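Those letters in the sequence shown? Residues 386 to 1022, by this note's numbering. What follows is one structure encoded as structure tokens, with my remarks underneath.
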Amino acid sequence: MEKKWTIADSREEYHIGHWGSPFFDINAQGNLSVTPWAAEGPKLDLPTLVADLRRRGLEPPLLIRFNDILDARVRYLADAFRNSIEAYDYQGSYQSLLPIKVNQQRHVVERIIAQEDQYRLGLEAGSKPELLIATALLSDRKDQLLICNGYKDREYVDTVLDAQRLGAQPYLVLDRFAELDLVIEAARAAKTMPNIGIRARLTAKGAGRWESSSGDRSKFGLSAREIVECIERLRAANMLGSLKLLHFHIGSQITAIRSVKVASREASHLYCSMRKLGATNLTLIDVGGGLAVDYDGSKTNYHSSKNYSVQEYANDVVATLGDICDANSEPHPKILSESGRALVAHHSVLVFNVLGVHAFTQDTCAEVQKPTPDEHHLIHDIWEAYDTLNPRNFQEVYHDLLALKEESATLFSHGVIDLEARARTEAIFWATAKRIHAHLQTLDYVPEDLSGLGKMLSDTYYCNFSIFQSLPDAWAVDHLFPIMPIHRLNEEPKRQAVLADLTCDSDGKLDRFIDLRGHDNATLKLHQPGESPYYLGAFLVGAYQETLGDLHNLFGDTNAVHVNIRENGAYSLEHIVHGDTVNQVLSYVEYDCHELLQRTWKAAERAVERGELSLEESAALMKRYQAGLEGYTYLED
Ligand code: PLP
386 MEKKWTIADS REEYHIGHWG SPFFDINAQG NLSVTPWAAE GPKLDLPTLV
436 ADLRRRGLEP PLLIRFNDIL DARVRYLADA FRNSIEAYDY QGSYQSLLPI
486 KVNQQRHVVE RIIAQEDQYR LGLEAGSKPE LLIATALLSD RKDQLLICNG
536 YKDREYVDTV LDAQRLGAQP YLVLDRFAEL DLVIEAARAA KTMPNIGIRA
586 RLTAKGAGRW ESSSGDRSKF GLSAREIVEC IERLRAANML GSLKLLHFHI
636 GSQITAIRSV KVASREASHL YCSMRKLGAT NLTLIDVGGG LAVDYDGSKT
686 NYHSSKNYSV QEYANDVVAT LGDICDANSE PHPKILSESG RALVAHHSVL
736 VFNVLGVHAF TQDTCAEVQK PTPDEHHLIH DIWEAYDTLN PRNFQEVYHD
786 LLALKEESAT LFSHGVIDLE ARARTEAIFW ATAKRIHAHL QTLDYVPEDL
836 SGLGKMLSDT YYCNFSIFQS LPDAWAVDHL FPIMPIHRLN EEPKRQAVLA
886 DLTCDSDGKL DRFIDLRGHD NATLKLHQPG ESPYYLGAFL VGAYQETLGD
936 LHNLFGDTNA VHVNIRENGA YSLEHIVHGD TVNQVLSYVE YDCHELLQRT
986 WKAAERAVER GELSLEESAA LMKRYQAGLE GYTYLED
């Protein structure tokens, strides 16, 4: 008897315990549940929330931001540093900073800076617009530091000095040596002593996708020679007392802990050496971002994972700094970190519905008939492959099959076989491929050259979202996000699928999915959609995706909601952010919707004059056109 599929099987299939713990799990109803305060806390049934949102008129795709998860991640990171500080008897303190660029959404930033006292974060700005946000939000909040990074001109520097006058605590970080004169000049003109930081260009490199952005040739940072010269120039300008911060950043998503250790060592020695050169007000060290998120749950140094925990990261930074400062008899600095994705990735989930399925094996691999004697010999050859296939020869048959398929295409191109004959060879090819694939399911090891067969035979699930708008990193840098159904998890998913988005672009697809073996799967197991909507969730999408997303095919921002979960498992919506309407995205590309309406109305009038539309038909057409302009850019029921 076939074993009944259980939610434990779904947990294993989608690895949810590996990437989702403690925030996501599967409940007894087979639905995805959100557990922001870990298993013993309240549980929110995600499909119920989605149904409620639809009843409120909010259509998928839906970006759901869980405020409680955001809070939990803030606390988790700060507590990890607090534990390390205690464990290693470190004398300095710690403050976390939100690099605004990781998620500039107002409600996210405001939530982050409004944490209770001991978890109060500062902000990191990397551009003028981000600086203007931070200036307004952090004025009169001296305990929440404002780290000012990025390429600077005089206006940028003056804005930082203004922020200081407004009661904020900004640090002007010299990212390039050329910024030093700008800062000295602006400070003199404003008669204000700024807090100055230096970003060091470490030799130590990050690890993972962004490794090449670090090291001796990195875009930002001062070399050892420039740091020494900077100290001398500041001393000469009577401003050495303003030098208070050493900053470094060795790239995002650092997959291997070794890189953190090496960079921390180099930066700690730098800190002590700068103090010995006379920069005795240097009391802060900012270790930048880079703390990775284990998107695939594999705990490896694969690019979408990391081989260390948050606690190990904090331990390495704190212990290294403490040891090296002690050895040099220098005081322990206050530690700042600009972890972006580690703070915000977990809190957002994108939920989208499946619109239709191209069931490849069902449609293409139908039963095939034995060829009649008068059919082309190629059809007989390919039939023989089909007919003689067995568990011992399937690899050889597969090779023959590929060669025969190629031959069929060549013969067709030269006019030797007709379209019907080609269709027959293709049908037998796919039927044989399906049989070979069935054999592969019984093997412990699948030979390399056959590993692509699953993808060749997979179904395509057409989904209501745009990868370019909602998961741009999956397209641009092959980043993996965990994706799974949010319901029916007590039912066996029997189809092997790839996902296609709504854009008319062959790149608009997802055919790489997480796998615990430290690489990726070409297909995702899904259920056959039925009468009611079938929903999938893309998880850990809270970092970078929204702002990096673009308007390809004019699919705009999705609807978004900010959810608070109550202790009894009920929820409240703190904010609803409606996605772009067609009107809005058209105005981004300079169309005037009134003019479009006028033009369409004139065309309808002409059609009425020609007798091709009745007055009623013209009125209904215009109503539809107008509703289209006012509607969501995605497909609505
Ligand atoms: N700080 C700086 C200077 C950065 O450039 C970045 C991003 O690359 C970050 C912080 C945040 O990095 P992450 O999100 O990997 O923690």
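Each residue gets a CB set at the ideal place from its N, CA and C atoms; glycine is no exception. Bear in mind the structure is a predicted one, so any value in this text is a computation, not a measurement.
Thr845 has His743 and Val883 as its beta-bridge partners, per DSSP.
As DSSP reads the structure, Asn775 sits in no beta bridge. In the DSSP secondary-structure assignment, Ser418 is bridged to Asp410 and Asp430.
Within the segment 568 to 604, the complete beta strand (DSSP E) segments at least 3 residues long are 580 to 584, listed from N- to C-terminus.
Contact check for Ile670 and Lys629: beta-carbon distance about 10 Å, past the 8 Å limit, so the pair fails to qualify. Take the alpha-carbon of Leu786 and the one of Ala806: they are about 16 Å apart.
Under the DSSP assignment, Ile532 falls outside any alpha helix (DSSP H), being part of the beta strand (DSSP E) whose first and last residues are Leu530 to Cys533. DSSP places Lys987 in the uninterrupted alpha helix (DSSP H) bounded by Cys978 to Glu994. Proximity of the beta carbon of Ala712 to the ligand PLP is not indicated: no heavy atom of the ligand is located closer than 7 Å. A Cβ-Cβ separation of about 7 Å places Gly415 in contact with Glu876 under the 8 Å criterion. The continuous alpha helix (DSSP H) containing Phe853 extends over residues Ile852 to Ser855.
In the DSSP secondary-structure assignment, His904 is not bridged to any residue. Judged by DSSP secondary structure, Phe451 falls within the beta strand (DSSP E) whose first and last residues are Leu447 to Phe451. Taken through DSSP and simplified to helix, strand or coil, Glu509 comes out as strand. Cβ contact annotation for His963 (same chain, cutoff 7 Å, sequence separation greater than five): Asn944, in chain order. For Leu909, there is no enclosing alpha helix (DSSP H); the enclosing beta strand (DSSP E) covers residues Leu909 to Leu911. Closest in alpha carbon position to Val545, among Glu564, Pro579 and Leu455, is Pro579.
Tyr920: member of the beta strand (DSSP E) spanning Tyr920 to Ala923, first to last residue.
Taking non-hydrogen atoms of the ligand PLP into account, the C-beta of Arg726 is found less than 7 Å away from one of them. For the options Glu916, Lys576 and Thr932, the alpha carbon positioned closest to that of Asp547 is the one of Lys576. Distance check between Gly636 and each of Ala621, Leu763 and Gly725 places Gly725 closest, using alpha-carbon atoms only.
Its Cα nearest to that of Ala641, the residue Asp679 stands out among Cys615, Thr668, Asp679 and Ile518. For Ala945, the enclosing beta strand (DSSP E) stretches over residues Asn944 to Ile950. Between the ligand PLP and the CB of Ala648, the shortest heavy atom gap is not smaller than 7 Å. By the Cβ-count criterion, Ser793 is buried, with 16 or more other Cβ atoms from all chains shown falling within 10 Å of its own Cβ. For Asp711, the enclosing alpha helix (DSSP H) stretches over residues Val695 to Ala712. Setting aside the 5 residues that flank it on each side, Tyr1010 is surrounded in the same chain by Thr985, each with a C-beta closer than 6 Å to its C-beta; the list follows chain order.
By the Cβ criterion, the segment 944 to 962 is in contact with the segment 419 to 428, since at least three pairs of Cβ atoms, one from each stretch, lie closer than 8 Å. The three-state reading of DSSP puts Leu462 in helix, counting H, G and I together. For Lys1008, the enclosing alpha helix (DSSP H) starts and ends at Leu1000 to Glu1015. Secondary structure of Ile871 (DSSP, three-state): coil. The beta-carbon distance between Ala648 and Ala589, rounded to whole angstroms, is 4 Å. This is short enough to meet the 8 Å contact definition. Between the segment 914 to 933 and the segment 853 to 870 there are three or more inter-stretch CB-CB distances shorter than 8 Å, so the stretches are counted as touching. One thing to note: Ile449 has its Cβ within 8 Å of the Cβ of Val736. Here Ile670 carries a strand assignment [DSSP, helix/strand/coil]. At least one heavy atom of the ligand PLP falls within 7 Å of the beta-carbon of Glu509.
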